[in-house]
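Just so we're aligned, residue 1 is where the sequence shown starts under full-length UniProt numbering, counting upward by one.
What follows is a short report on a single structure.
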Amino acid sequence: MLSRSSAMEAITNVALLGKGWLGSAILEQLLNSGFRVTVLSRTASPEEDPDTKFKTVQVDYSSIDSLVAALKDQHAVVSTIGTSGISAQKTVIDASIQAGVRRFIPSDFGALTTRPGAESLPLNALWIEIQTYLKGKALAGEIEYTLFAVGPFLEFVMSMPFLADLQTQEVNLYDNGQHPFSSTSVSSVGRAVSGALMNAEATKNRLVTVHDIVLTQSKLLSLAKKYSGPETKWIINPVSSVTELESTLESVQNNGLNLFNTLALLKAALLSGNYQTKFEKVDNELVKLPMMSESQFEEKFATGFKSMAASMLEFQGKSDELTEMPESREGS
1 MLSRSSAMEA
11 ITNVALLGKG
21 WLGSAILEQL
31 LNSGFRVTVL
41 SRTASPEEDP
51 DTKFKTVQVD
61 YSSIDSLVAA
71 LKDQHAVVST
81 IGTSGISAQK
91 TVIDASIQAG
101 VRRFIPSDFG
111 ALTTRPGAES
121 LPLNALWIEI
131 QTYLKGKALA
141 GEIEYTLFAV
151 GPFLEFVMSM
161 PFLADLQTQE
171 VNLYDNGQHP
181 FSSTSVSSVG
191 RAVSGALMNA
201 EATKNRLVTV
211 HDIVLTQSKL
221 LSLAKKYSGP
231 ETKWIINPVS
241 SVTELESTLE
251 SVQNNGLNLF
261 NTLALLKAAL
271 LSGNYQTKFE
281 KVDNELVKLP
291 MMSESQFEEK
301 FATGFKSMAA
311 SMLEFQGKSD
321 ELTEMPESRE
331 GS
């Protein structure tokens, strides 16, 4: 049971699980905000640079004793572990409670994991299980939690495989691209996490909803057309989100989840207009996260689009060179 005094103290010591793409972005913002950060790692780290602003501790995520020792004197735990380790967070939650940790933020920054009505989607099952477990512990007064609704990462939305096939200039346009959805960059997610821990009492045992901007697929397509130039002819394939969602769910039922149908299900659900993917009320002000203006987003999109287009041209050029090379002959 959390003591009243510990629940009222400021959070200053934070343990971070996972230091990948998202974890690194969160780490940067935690350090910028003055938190004392300990990164937990499965593998032994090389000798730390004296100038490093955080500490790294090797742990065995399957061992309560190892985790409890590593989490001693930590006020909060932020988890960014990958899909394969989601279920293992139960052990980390239990260890956090034993170590006296006040706040636990699970690795739950998915596009749909906190959306009303999306609980039954197969791709959300692992995350819903952890949410339920953590909320039960919080209800018993053993620990606090904060969950985040951030929508799909902005970097993912702007990548061409999500929007279109840049090589063939082909787009599968869901319901005319009309349904809005909220989106947040990875760096902004880091700022939201840091801001929530700085405003701990106001973000206790609740969902914090933030976004950088609200988008539609048609808006993204119009920007792609603008920055690809008038000579590029885009092929538009109309898609019914209802039909696509049904067929993808059937595929999952018959074949289980795999990378292909997971991405297809995510895209169909996100662009369906269901599941309240456009956040009507956000907590940006609560965590001191400014929103992105339309012009700022367009500038970011243009930079990313031109970079991807250049990479595609370079790849095509190398492919052409390989195609045109004469066949090697023995003895030549």
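All C-beta atoms, glycine included, are put in the ideal place defined by N, C-alpha and C.
Expected contact under 8 Å - CB spacing of residue i and residue j to nearest Å
| i | j | result |
| --- | --- | --- |
| residue 286 | residue 199 | 6 Å |
| residue 239 | residue 184 | Rounded, the Cβ-Cβ distance is 25 Å, inconsistent with contact. |
| residue 196 | residue 132 | Between residue 132 and residue 196 the Cβ distance is about 21 Å, and since that is not below 8 Å, they are no contact. |
| residue 16 | residue 27 | 6 Å |
| residue 291 | residue 236 | Contact flag wrong, Cβ pair sits at about 30 Å. |
| residue 223 | residue 153 | Not a contact, Cβ separation roughly 17 Å. |
| residue 182 | residue 211 | 4 Å |
| residue 74 | residue 38 | 7 Å |
| residue 143 | residue 97 | 5 Å |
| residue 93 | residue 126 | 14 Å between Cβ atoms; not a contact. |
| residue 189 | residue 25 | 7 Å |
Bounding residues of the alpha helix (DSSP H) (the contiguous stretch that carries residue i)
| i | result |
| --- | --- |
| residue 69 | 64-71 |
| residue 174 | Taken as a continuous stretch (DSSP letters only), residue 174 belongs to no alpha helix (DSSP H), being part of the beta strand (DSSP E) at 170-174. |
| residue 191 | 186-198 |
| residue 214 | It is not in any alpha helix (DSSP H) - residue 214 instead sits in the beta strand (DSSP E) that spans 213-215. |
| residue 232 | Element bounds for residue 232: n/a, residue is neither H nor E. |
| residue 131 | 125-139 |
| residue 274 | Looking at the DSSP string, residue 274 is not in any alpha helix (DSSP H), and its letter there is neither H nor E. |
Under 8 Å between C-beta atoms of residue i and residue j
| i | j | result |
| --- | --- | --- |
| residue 180 | residue 216 | yes |
| residue 269 | residue 245 | yes |
| residue 170 | residue 164 | yes |
| residue 148 | residue 192 | yes |
| residue 69 | residue 105 | no |
| residue 241 | residue 265 | no |
| residue 261 | residue 243 | no |
| residue 61 | residue 36 | no |
| residue 11 | residue 102 | yes |
| residue 252 | residue 122 | yes |
| residue 162 | residue 209 | no |
| residue 67 | residue 59 | yes |
| residue 227 | residue 297 | no |
| residue 194 | residue 293 | no |
| residue 273 | residue 175 | yes |
| residue 71 | residue 99 | yes |
| residue 276 | residue 218 | no |
| residue 220 | residue 308 | no |
Burial state of residue i (16 or more Cβ within 10 Å)
| i | result |
| --- | --- |
| residue 4 | Note that residue 4 has pLDDT 49, beneath the 50 cutoff, so the model's placement of it is unreliable and the number below is only indicative. When all chains shown are included, residue 4 counts as exposed. |
| residue 258 | exposed |
| residue 107 | buried |
| residue 267 | buried |
| residue 118 | buried |
| residue 65 | exposed |
| residue 14 | buried |
| residue 21 | exposed |
| residue 124 | buried |
| residue 79 | buried |
| residue 299 | exposed |
| residue 113 | buried |
| residue 229 | exposed |
| residue 23 | buried |
| residue 284 | buried |
| residue 138 | buried |
| residue 202 | exposed |
| residue 95 | buried |
Residue interval of the beta strand (DSSP E) (run including residue i)
| i | result |
| --- | --- |
| residue 103 | 103-105 |
| residue 121 | No beta strand (DSSP E) contains residue 121, which DSSP labels as neither H nor E. |
| residue 153 | Per DSSP, residue 153 belongs to no beta strand (DSSP E) and is neither H nor E. |
| residue 181 | 181-183 |
Counterpart residues of residue i in DSSP-defined beta bridges
| i | result |
| --- | --- |
| residue 340 | Only positions 1 to 332 of the chain appear in this structure, which leaves residue 340 out of reach. |
| residue 77 | 15, 104 |
| residue 144 | 103 |
| residue 208 | 148 |
| residue 334 | Outside the shown range of the chain (1 to 332) lies residue 334, about which nothing can therefore be said. |
| residue 165 | 170 |
| residue 40 | 17, 57 |
CB contact check: residue i to chain C, cutoff 8 Å
| i | result |
| --- | --- |
| residue 204 | The structure shown contains no chain C; it holds only a single protein chain. |
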